[in-house]
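A short worksheet on the structure shown next.
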Amino acid sequence: MKRFLIVDDDELSRKILADYMAEFAECVTAPNGKVGYELFEKAILDGRPFDLICSDVLMPEVSGHEMVSRIRAREESLPIAGYIRTRIFMISASGSPKDMSEALLDNNCDDYIVKPFQRTTLKAMLRKYDLIAYDNEP
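Just so we're aligned, residue -17 is where the sequence shown starts under the working numbering, counting upward by one.
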């Protein structure tokens, strides 16, 4: 079964996304980027890396941008043969082109989700990155 990490300081947003994604994967949640990075690191050390991380941009302690930067740096240092880079989707209420390009280009994320998100959009994104099959219809 796939494993997804959902990082968002807003408890309701975290729960809604986790509840939706639970249809497709085991979901683990974190309230900020600090805890999110710790869970990412533990998953690597346990040999059960996440297939996808969905992270809010603005959070206390460690922002989504900072967490992603740390994750990408850690992935570069991994000597694990066959390790596949974790897919990362940034989540934000801002759909401005500047914010989106910063997340995608500067942070090396795979995609960007604008809140409030639509289930059909999320499902299409999961399919695009081969995180779910086309036959996983509800």
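Ideal Cβ positions, reconstructed from N, Cα and C, are used throughout, including at glycine.
Supposed contact pair Val44 and Tyr19 - C-beta distance, whole angstroms, cut 8 Å = About 7 Å separates the two Cβ atoms, so the contact holds.
What's the gap between the Cα of Lys110 and the Cα of Pro42?
-> Rounded to whole angstroms, the gap between the alpha carbons of Lys110 and Pro42 is 31 Å.
Find out if the Cβ-Cβ distance for the pair Ala25, Thr11 is shorter than 8 Å.
-> Remark: C-beta atoms of Ala25 and Thr11 do not approach each other more closely than 8 Å.
Which residue from Glu5, Ser(-5), Met49 puts its Cα closest to that of Leu21?
-> With distances taken between Cα atoms, Leu21 lies closest to Met49.
Classify Arg(-4) as helix, strand or coil using the three-state DSSP reduction.
-> Correct three-state label for Arg(-4): helix.
Unbroken alpha helix (DSSP H) run spanning Glu57, endpoints | Where Glu57 is concerned, the enclosing alpha helix (DSSP H) starts and stops at 46 to 58.
Proximity winner among Gln100, Asp112, Met72, Lys105, relative to Asp93 (alpha-carbon distances) = Relative to the Cα of Asp93, the nearest Cα in the group Gln100, Asp112, Met72, Lys105 belongs to Met72.
Under a three-way DSSP split, which group does Arg30 fall into?
-> It is coil, neither helix nor strand.
Minimum Cβ-Cβ distance from Met41 to chain B less than 8 Å | Absent from the structure is chain B; it holds one protein chain and no more.
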